[in-house]
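Asker: The working numbering applies: residue 9 is where the sequence shown begins, and numbers increase by one.
C-beta: ideal position from N, C-alpha, C; glycine also.
Quick caveat, the model's predicted, so the values are computed rather than measured.
Can you read through this structure? Questions will come right after.
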Amino acid sequence: MILEIDIGNSGLKWRLREGKTITVQGRSSREQFSGYDAFFDGIGQQINGSLQQVLVSTVVPTEQQALTEACFRCFRLSPWYADVVPACAGVVNGYKRVEQMGVDRWMAILAAHNLFAADCLVVDGGTALTVDLLLASGEHRGGYIVPGLSLMRHALFRDTDRVKLSEISYHKQPNVGQSTQTAVASGLSNMHLGLILLSLEELESQSVQTPRIILTGGCAKALNSMLHAYLGNRGEQARVKAIELIPSLVFDGLALAAKAANYNPGNC
């Protein structure tokens with residue numbers, strides 16, 4: 009059995025996998041998280057048999073030591089940490105300095121190429137929204153990073169006096185707002201929708217026809233609805249081959265990266 013962990017800025021997601029079968033999975037926000045010892049103790053209670061590997065994708069490297077020590081105390085295993093490299097699993101990274109790329113973003117790109125080997129946009133809607141341009145050949149052409157919905161909302165509310173809303177969410181079909189709440193919700197939704205559409209235009213300008221849009225992250229469902237509504241209302245569905253919603257994209261890339269690195273827990 010393999011334990012896969014994805015640690016982001018907002019929290020932690022995990023799943024237990026046996027072969028290709030996901031036996032159990034879960035997530036914890038920063039506010040809910042009570043430490044790695046308690047986390048691994050809880051995981052241990054859900055394992056039927058023995059744990060062979062622990063694979064980790066984390067954008068919070070300062071937590072690696074605590075995670076490693078707790079994992080060894082509980083399972084006598086040292087975790088394998090994914091890293092961003094110039095090339096892996098058929099993908100060539102478009103960054104000149106690959107160490108500047110977030111590892112979760114790289115995992116999503118690897119998985120997208122492995123699943124489809126197609127021209128595509130890889131969109132991860134989390135604390136930040138990232139959009140990456142990936143060609144069928146495996147050439148990563150770079151991408152964009154902007155604040156996610158919650159970060160934009162907090163920045164707007166913090167620095168304005170009259171825009172104070174307790175909660176905000178994506179609008180499926182953003183329209184001109186006739187109240188502060190709808191103006192903010194539609195405005196923020198349109199910012200993310202606009203970035204994805206401009207990225208689509210950029211792919212099209214490179215003679216790419218009908219690419220896929222691959223969505224993952226906590227906001228993926230909302231982005232999926234927005235894109236379908238926007239393209240459908242304008243009769244432009246043919247611009248994309250498909251819009252794929254794949255929540256497990258980072259985990260799928262993590263498994264690929266570990267395999268490419270010939271990870272063996274006995275060598276750690």
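Hey, Val-64 and Pro-94 are a contact pair by Cβ (cut 8 Å); roughly how many whole angstroms apart?
Answerer: Wrong, their Cβ atoms sit about 21 Å apart, outside the cutoff.
Asker: Just to confirm the assignment: which complete beta strand (DSSP E) runs, minimum length 3, are found wholly within the stretch 120 to 147?
Answerer: 128 to 133 and 136 to 142, all fully within the stretch 120 to 147.
Asker: Among all the DSSP beta bridges, which residues are the ones paired with Leu-223?
Answerer: Val-131 and Leu-253
Asker: Given this structure, state the Cα-to-Cα distance separating Phe-83 from Asn-56, to the nearest angstrom.
Answerer: 13 Å
Asker: Ordered along the chain, which non-local residues of its own chain (more than five positions away) have a Cβ less than 6 Å from that of Ala-126?
Answerer: If we look at Ala-126 and ignore the five residues flanking it on each side, its Cβ neighbours are Ala-144 and Arg-220.
Asker: Please tell me whether Ala-46 and Leu-262 are closer than 8 Å, where the distance is taken between their beta carbons.
Answerer: no
Asker: Please say whether Pro-182 and Leu-201 have beta carbons closer to each other than 8 Å?
Answerer: Yes.
Asker: Sort Ile-117, Asp-140 and Val-192 by Cα distance to Ala-163 and report the nearest one.
Answerer: Taking the Cα of Ala-163 as reference, the smallest distance to any Cα among Ile-117, Asp-140 and Val-192 is reached at Val-192.
Asker: With a threshold of 6 Å on Cβ separation, who are the neighbours of Ile-13 within its own chain once the five nearest residues in sequence on each side are excluded?
Answerer: So the list reads Trp-22 and Val-64, once near-sequence residues are dropped.
Asker: How is the alpha helix (DSSP H) around Asp-45 delimited, first residue to last?
Answerer: Judged by DSSP secondary structure, Asp-45 falls within the alpha helix (DSSP H) whose first and last residues are 44 to 52.
Asker: Beta-carbon within less than 7 Å of His-236's beta-carbon, same chain only, minus the 5 sequence neighbours each way: which residues are those?
Answerer: Excluding sequence neighbours, His-236 sits near Ile-251.
Asker: For Arg-81, which residues in the same chain have their Cβ closer than 6 Å to its Cβ, ignoring the five residues on either side in sequence?
Answerer: No residues qualify anywhere along the chain.
Asker: Take Ile-10 as the anchor and find which of Val-154, Leu-85, Thr-218 and Thr-224 has the nearest alpha-carbon.
Answerer: Ranking the options by Cα distance to Ile-10, first place goes to Leu-85.
Asker: Roughly how many angstroms lie between the CA atoms of Leu-253 and Leu-137, to the nearest whole one?
Answerer: 15 Å
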